[in-house]
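Working notes, structure below.
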Amino acid sequence: MTAPELLDASFKGLPLHAATTLDGLAAQGWNIRRGDTSTPVAVLRDAALDANLDVMRRFCDAAGVSIAPHAKTTMSPQLIARQLAAGVWGLTAALPAQVRMLWSFGARRVLMANELTDPAALRWLARELAAHPERELLCYVDSAEGVRLAEEAFAEVAEAADATAAAASLPADGSAAPTLQLPVLIELGHESGRTGARDLDTALAVAEAASAAPHLAVAGVAGYEGTIGHDRTEQTLARVDAFLTDLRDLAATLAERGLFAPDREPIATAGGSSFFERVAHILGPLTTDGIRVVLRSGCYLTHDNGQYATLTPSARPEWTLPPFQPALEVWTRVVSRPEPDLVLLNAGRRDVSHDAGLPVPLAAWRAATDSPVELGDAAHISALSDQHAFLRVDPASPLAVGDLVALGVSHPCMTMDRWRLFLLVNEGYDVVGGARTYF
């Protein structure tokens, strides 16, 4: 049995004297606001995670859709285990290495939301699927060349397996071994977007090629609407709806032409964390024709204080469930106040995301008096360097060197991958556990 991993000061945020395991974190008695850890330190509010899981589960149940959350957001076995326990349909990955990790985390069904064109990775995955029939992988294709690469790799592995079985005189009962097949989703894209066929005719041609490939099975259609826009104006929503309508029409056409593999439940999948309610609304009617609608939202679990706080459907007036809560915070310490309106914090680009907006100061705390410090409405981050955040405050602010400042982030993915360990905290900021990440 492998010994539990030692968590020490090599994990950013832990005290310099730390020597514990993931299971032992809660017993350390650490409190973030009391200053028991090093700073910066990344935390996840445990209650907010539970609330967000519950909200998304309730939304999916009410809308009649499933979810395979994009696990690249966290790549954490502890957080993924909570999503699996919440009844997700599967998990989404972006790269073959992530597929491998998710299988090792206990996932059975993985949807790879990307084209798979690496022959070595295709052969490895084919061998894994042949050796572990309980596992399932679905991936995208958007070109005849992608179909060819996948077919050649899976055919090569299948032929090698057949030769091995023949040499061993297997199967003993003379029955034919099942054909090794890769379920593929025909991806539809949009102008200036990422991958995906740019029109329905091209997508149909790809589907016909995949349907004719002996080692591929057309398992559904896929698309991503999140790159259409980063606002919720009427114009952006109209473009999102038009794209999703095309995706729905593609699914219906493939069904009419009998291109879906006959022994599988076909799926139609789309949906990031900004417009997933539009996905449920536009694609939802496909469920009456036996096509499962699968969302791939990933950032709902941690949510944020920036991009998704603005774009989330849960901030709309028509939303009837509780709103998603920002669970991710990075706690920093004031290291300098060299000018009346300038405070320097000991966290920077190495610690917090900045691709979709600068971090947001949420709260300040003075450990010596165990009391909050008023930040004031003027407080904002104006810039980041590698290890510092430039916090602008009212010159009359009481914030002092040594105080703690909590930062919220925009776009949690780019903060998650900067940390190997997140501390789970209760509402009093006692450390109650941890979540490892594997990026």
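Anchor point for the sequence shown: position 4 equals 18 in my numbering, and the numbering is continuous, going up by one each time.
Even glycine gets a Cβ: it sits at the ideal position worked out from N, Cα and C.
Keep in mind the model is a prediction, meaning the values are calculated, not measured.
Once the 5 residues before and after residue 447 are set aside, which same chain residues still bring their CB inside 6 Å of it?
Numbered from its first residue, the sequence shown carries residue 447 at position 433. The beta carbon of residue 447 sits closer than 6 Å to those of 39, 40, 438, all from its chain and outside the five residues before and after it, given in chain order.
The beta strand (DSSP E) enclosing residue 313, as first and last residue numbers:
Here residue 313 refers to the residue found at position 299 when the sequence shown is read from its first residue. Where residue 313 is concerned, there is no enclosing beta strand (DSSP E), given that its DSSP letter is neither H nor E.
Could you check which residue in 382, 408, 365 has the C-alpha nearest to that of residue 390?
Here residue 390 refers to the residue found at position 376 of the sequence shown. Residue 408 is the option with its Cα nearest to residue 390.
Please name the residue or residues paired with residue 171 in a DSSP beta bridge.
Mapped onto the sequence shown, residue 171 falls at position 157. Answer is none; residue 171 lacks a bridge partner.
Within 10 Å of its beta-carbon, does residue 47 have 16 or more other beta-carbons around it, so buried, or fewer, so exposed?
Counting from 1 along the sequence shown, the entry for residue 47 is found at position 33. Burial state of residue 47 is buried, judged by a 10 Å Cβ sphere holding 16 or more other Cβ atoms.
Measuring straight from C-alpha to C-alpha, what distance separates residue 368 and residue 19?
Mapped onto the sequence shown, residue 368 falls at position 354. Mapped onto the sequence shown, residue 19 falls at position 5. When rounded, the distance between both Cα atoms is 31 Å.
CB residue 133 to CB residue 158, shorter than 8 Å?
Taking the sequence shown and counting its residues from 1, the one referred to as residue 133 is at position 119. Taking the sequence shown and counting its residues from 1, the one referred to as residue 158 is at position 144. In this structure, residue 158 does not lie closer than 8 Å to residue 133 by Cβ.
Would residue 426 pass as a contact of residue 359 if the rule is Cβ separation under 8 Å?
Taking the first residue of the sequence shown as position 1, residue 426 is located at position 412. Taking the first residue of the sequence shown as position 1, residue 359 is located at position 345. No; because the gap between Cβ atoms is not below 8 Å, this pair is not in contact.
Distance, residue 75 Cα to residue 433 Cα:
To locate residue 433, count along the sequence shown from 1; it is residue 419. To locate residue 75, count along the sequence shown from 1; it is residue 61. A straight line joining the alpha-carbon of residue 433 with that of residue 75 spans about 33 Å.
Is the stretch 302-319 touching the stretch 393-401 in the sense that three or more CB pairs, one from each, lie closer than 8 Å?
no
Where does the unbroken alpha helix (DSSP H) through residue 13 begin, and where does it stop?
Residue 13 lies beyond the stretch modelled for the chain, which goes from 15 to 453, so this question has no answer here.
Can you tell me which of the three DSSP states residue 295 falls into?
Stepping through the sequence shown from its first residue, residue 295 is reached at position 281. Helix at residue 295.
Residue 436 by DSSP, collapsed to three states: which one?
Taking the sequence shown and counting its residues from 1, one reaches residue 436 at position 422. Strand, per DSSP.
What does the alpha-carbon distance come out to for the pair residue 430 and residue 88?
Here residue 430 is taken as the residue at index 416 of the sequence shown, counted from 1. Here residue 88 is taken as the residue at index 74 of the sequence shown, counted from 1. Rounded to whole angstroms, the gap between the alpha carbons of residue 430 and residue 88 is 6 Å.
Beta-carbon within less than 8 Å of residue 214's beta-carbon, same chain only, minus the 5 sequence neighbours each way: which residues are those?
Locating residue 214 in the sequence shown gives position 200, where the first residue counts as 1. Apart from sequence neighbours up to five positions away, the residues of its chain that approach residue 214 with a beta-carbon distance below 8 Å are 202, 260, 263, 264, 267, ordered along the chain.
First and last residue of the uninterrupted alpha helix (DSSP H) at residue 66
Along the sequence shown, one-based indexing puts residue 66 at 52. Its alpha helix (DSSP H) spans residues 60-77.
For the stretch 331-340 against the stretch 294-303, are there 3 or more C-beta pairs whose distance is under 8 Å?
no
Going by DSSP in three states, residue 57 sits in which element: helix, strand or coil?
By one-based count along the sequence shown, residue 57 stands at place 43. Three-state DSSP puts residue 57 in a strand.
DSSP-derived helix/strand/coil call for residue 283
On the sequence shown, residue 283 is found 269 positions in, with the first residue counted as 1. Residue 283 falls in the strand class under three-state DSSP.
Look at the alpha carbon of residue 292 and the alpha carbon of residue 80, and state the distance between them as a whole number of angstroms.
Taking the sequence shown and counting its residues from 1, the one referred to as residue 292 is at position 278. Taking the sequence shown and counting its residues from 1, the one referred to as residue 80 is at position 66. Using only the alpha carbons, I get a separation of about 14 Å.
Rounded to the nearest angstrom, how far is the Cβ of residue 421 from that of residue 357, given a contact under 8 Å?
Mapped onto the sequence shown, residue 421 falls at position 407. Mapped onto the sequence shown, residue 357 falls at position 343. At roughly 12 Å, the Cβ-Cβ gap does not stay under 8 Å, so residue 421 and residue 357 are not in contact.
So what does DSSP say about residue 188, is it helix, strand or coil?
Start at 1 with the first residue of the sequence shown, and residue 188 comes out as number 174. Residue confidence for residue 188 is low, a pLDDT of 49 falling below 50, so the modelled location carries little weight; the figure read from the coordinates is stated next. Look at residue 188 here: in three-state DSSP terms it is coil, with no helix or strand label.
Host beta strand (DSSP E) of residue 123 (start-end):
Taking the first residue of the sequence shown as 1, we reach residue 123 at position 109. Note, residue 123: beta strand (DSSP E), 123-129.
Here's the rule: buried if 16 or more other CB atoms are within 10 angstroms of the residue's CB, otherwise exposed. What is residue 186?
Position 172 of the sequence shown, counted from the start, is the residue given in the question as residue 186. With a pLDDT of only 46 at residue 186, under 50, the local geometry of the prediction cannot be trusted, and no value is derived from it.
Are the C-beta atoms of residue 447 and some chain D residue less than 8 Å apart?
Protein chain content of the structure displayed is limited to a single chain, and chain D is not contained in it.
Alpha carbons only, please: which of 95, 450, 424, 445 is nearest the one belonging to residue 534?
Outside the modelled stretch of the chain, which goes from 15 to 453, sits residue 534, for which no answer is possible.
The alpha helix (DSSP H) spanning residue 322 covers which residue range?
Your numbering for residue 322 matches position 308 in the sequence shown. Residues 321-325.
Status (buried if at least 16 other CB within 10 Å, exposed otherwise) for residue 116:
Counting from 1 along the sequence shown, the entry for residue 116 is found at position 102. Buried is the call here.
Give the DSSP-derived three-state secondary structure of residue 445 in the structure shown.
The residue labelled residue 445 in the question sits at position 431 within the sequence shown. It is a strand residue.
Expressed to the nearest angstrom, what Euclidean distance is found between the alpha-carbon atoms of residue 188 and residue 175?
Counting from one through the sequence shown, the residue named residue 188 turns up at place 174. Counting from one through the sequence shown, the residue named residue 175 turns up at place 161. Residue confidence is low: residue 188 scores 49 on pLDDT, short of 50, so the model does not pin down where it sits. No coordinate-derived value is stated.
According to DSSP, residues forming a beta bridge with residue 153:
Against the sequence shown, residue 153 aligns to sequence position 139. DSSP output for residue 153 lists 126, 198 as bridge partner(s).
Cβ pair residue 280, residue 234 closer than 8 Å
By one-based count along the sequence shown, residue 280 stands at place 266. By one-based count along the sequence shown, residue 234 stands at place 220. Taking 8 Å as the Cβ cut-off, residue 280 and residue 234 qualify as a contacting pair.
So, helix, strand or coil for residue 333, using DSSP?
Here residue 333 is taken as the residue at index 319 of the sequence shown, counted from 1. Residue state, collapsed to three classes: coil.
Give the list of continuous beta strand (DSSP E) stretches no shorter than 3 residues that lie fully inside the stretch 354-441.
356-359, 374-380, 385-387, 394-398, 403-406, 418-422, 435-439
Drop a sphere of 10 angstroms on the beta-carbon of residue 112, count the other beta-carbons inside from all chains shown, and report buried for 16 or more, exposed for fewer.
Mapped onto the sequence shown, residue 112 falls at position 98. Answer is buried; the Cβ neighbour count reaches 16.
Determine the extent of the alpha helix (DSSP H) in which residue 102 is found, giving its start and end residues.
Counting from one through the sequence shown, the residue named residue 102 turns up at place 88. That residue, residue 102, is in no alpha helix (DSSP H); it is neither H nor E in DSSP.
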